[in-house]
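In the numbering used here, the protein residues as written are 2 to 72.
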């Protein structure tokens, strides 16, 4: 399991007729302690955060196995 958190900054707010543009910063916990930044268009900041975390998890799962700590 990959634990990750996200913060979201609004670039362009969403309206009832237009999706918003958000800058999402995602970071993971060891051994996936990386930081990624994404620009995501979504209906809300919550959805943008979920999509950012999903992208981060997909990237981390595509990486070779992380090193075992303490070895």
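Where is the CB? At the ideal position from N, CA and C, for every residue including glycine.
- Around residue 41, the same chain offers 23, 25, 49, 52 and 53 as residues with beta carbons nearer than 7 angstroms, after the five sequence neighbours per side are excluded.
- If you look at residue 26, you'll find it in the beta strand (DSSP E) that goes 21 to 29.
- Pairing residue 39 with residue 19 gives a Cβ-Cβ distance that is not under 9 angstroms.
- The three-state secondary structure of residue 61, taken from DSSP, is helix.
- Put simply, of 4, 15 and 3 the residue whose alpha carbon is nearest the alpha carbon of residue 47 is 15.
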